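In my numbering, the protein residues as written are 12 to 267.
Glycine included, every Cβ here is placed at the ideal spot set by N, Cα and C.
Every value quoted in this text rests on a predicted model; they were computed, and no experiment measured them.
The structure appears right after this line, and notes come after that.
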Amino acid sequence: MRTKITAWILVMFFVFVLTACGKTEGYADDDVHNGGQSGSESQAENVENKEPEEAASDTATSGQPGAEDTNILIAYFSRVGNTDFPADVDAVSSASLVRKDGELYGNTQYIASMIQQSTGGDLFLIETAEKYPVDYDETDEQGMIENRDRTRPELASHVENLDSYDIVFLGFPNWYYDMPMAVYTFLEEHDLSGKTVIPFATSGGGGFSDAISEIQNQQPGAVVLSDGFHASHSRIDDVTLQDVQDWIDGLPLSHK
Ligand SMILES: Cc1cc2nc3c(=O)[nH]c(=O)nc-3n(C[C@H](O)[C@H](O)[C@H](O)COP(=O)(O)O)c2cc1C
Numbered sequence: 012m013r014t015k016i017t018a019w020i021l022v023m024f025f026v027f028v029l030t031a032c033g034k035t036e037g038y039a040d041d042d043v044h045n046g047g048q049s050g051s052e053s054q055a056e057n058v059e060n061k062e063p064e065e066a067a068s069d070t071a072t073s074g075q076p077g078a079e080d081t082n083i084l085i086a087y088f089s090r091v092g093n094t095d096f097p098a099d100v101d102a103v104s105s106a107s108l109v110r111k112d113g114e115l116y117g118n119t120q121y122i123a124s125m126i127q128q129s130t131g132g133d134l135f136l137i138e139t140a141e142k143y144p145v146d147y148d149e150t151d152e153q154g155m156i157e158n159r160d161r162t163r164p165e166l167a168s169h170v171e172n173l174d175s176y177d178i179v180f181l182g183f184p185n186w187y188y189d190m191p192m193a194v195y196t197f198l199e200e201h202d203l204s205g206k207t208v209i210p211f212a213t214s215g216g217g218g219f220s221d222a223i224s225e226i227q228n229q230q231p232g233a234v235v236l237s238d239g240f241h242a243s244h245s246r247i248d249d250v251t252l253q254d255v256q257d258w259i260d261g262l263p264l265s266h267k
């Protein structure tokens with residue numbers, strides 16, 4: 012009888028471990044929310060008529076901003092764009108990949124694409140000169156070492172026409188309860204003084220951590236808004252264009 016009970020406890024333990032390891036890849040799950048304040052209400056849960064398929068379009072291009080006349084820059088870091096993924100990479104079982112209408116997006120890139128649709132701003136991928144490994148665990152390890160050593164990965168490109176932007180949406184995944192070190196390189200190599208900086212982030216549960224105050228420290232001459240947009244990686248699919256639009260509409264921007 013005792014053997015049976017022990018076996019049953021073991022089975023339940025393995026079921027629990029397998030469930031917990033699902034799509035969260037090691038990080039406690041959280042909600043889609045804005046503000047980076049813990050315990051804030053999920054935006055996605057409040058929005059009806061979700062149409063995630065409409066959320067991203069083919070606008071999530073990377074590289075230099077386009078020729079359109081806009082004063083809005085959307086600069087973001089994401090695994091997609093910084094990793095040479097094979098075309099058939101499995102987005103379903105990965106926490107940091109989204110596939111919409113056949114297109115592969117990184118989580119932060121996906122939110123960036125919705126901000127682009129909403130604002131008409133220029134997208135700019137914060138791209139490192141060296142790609143990250145395709146293997147998630149290897150990237151995790153590299154991110155950990157970079158964070159520990161406060162590395163400044165070299166960037167592949169810079170925003171050339173920075174003067175033409177008044178508003179900078181700045182997006183990144185939470186890496187080791189911090190921003191990826193490449194975002195620090197970006198902040199050190201681009202002077203955002205006089206601009207309004209609006210953070211957005213995706214994470215496995217850590218939210219913004221201290222990123223918003225860190226951005227302000229790095230850019231003392233910029234106005235960094237505290238009500239950034241955040242989405243958990245397990246709920247990226249729930250974020251709609253309307254969520255993003257509502258957040259942007261509520262921002263204190265004088266020159267939208
Ligand atoms: C190197 C690395 C470190 C991470 N560290 C954290 C962390 O400390 N806290 C957290 O909540 N999520 C962490 N994550 C999960 C990512 O923040 C999350 O999956 C994010 O949505 C990925 O965005 P992306 O697809 O745009 O790269 C980490 C992921 C990687 C690859």
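* Three-state class that DSSP yields for residue 260 in the structure shown -> Taking the sequence shown and counting its residues from 1, one reaches residue 260 at position 249. Three-state result, residue 260: helix.
* Rank 239, 213 and 229 by C-alpha distance to the C-alpha of residue 249 and give the top, closest one. => Reading the sequence shown from its first residue, position 238 is the one you call residue 249. For the residues 239, 213 and 229, the minimum Cα distance to residue 249 belongs to 213.
* Asked: When DSSP labels each residue in this structure, what does residue 89 get in the three-state scheme?
  -> Residue 89 sits at position 78 when you count from the first residue of the sequence shown. Here residue 89 sits in coil by DSSP.
* Specify the secondary structure class of residue 219 as computed by DSSP and reduced to three states. => For the purposes of this step, residue 219 is taken as the residue at position 208 of the sequence shown. Three-state DSSP puts residue 219 in coil, outside helix and strand.
* Exposed or buried, what is residue 184 when buried is set at 16 or more other beta-carbons lying within 10 Å of its beta-carbon? -> One-based indexing of the sequence shown puts residue 184 at position 173. Burial call: buried.
* residue 184 beta carbon near ligand 1 (any heavy atom closer than 7 Å) -> Residue numbering aside, residue 184 sits at position 173 when the sequence shown is read from its first letter. Yes, Cβ of residue 184 sits closer than 7 Å to a heavy atom of ligand 1.
* Do you know how far the Cα of residue 87 is from the Cα of residue 231? -> Position 220 of the sequence shown, counting from 1, holds the residue named residue 231. Position 76 of the sequence shown, counting from 1, holds the residue named residue 87. Approximately 20 Å, taken between the alpha carbons.
* To do: Keeping to the same chain, check which residues put their C-beta closer than 8 Å to that of residue 97; ignore five residues upstream and five downstream.
  => Indexing the sequence shown from 1 puts residue 97 at position 86. 145.
* From residue 235 to residue 105, what does the alpha carbon distance come to, in whole angstroms? -> As a working note, residue 235 is residue 224 in the sequence shown. As a working note, residue 105 is residue 94 in the sequence shown. Cα atoms of residue 235 and residue 105: separation of roughly 32 Å, rounded to the nearest angstrom.
* Quick one: what does DSSP say residue 209 is sitting in, helix, strand or coil? -> Within the sequence shown, numbered from 1, the residue matching residue 209 stands at position 198. Strand.
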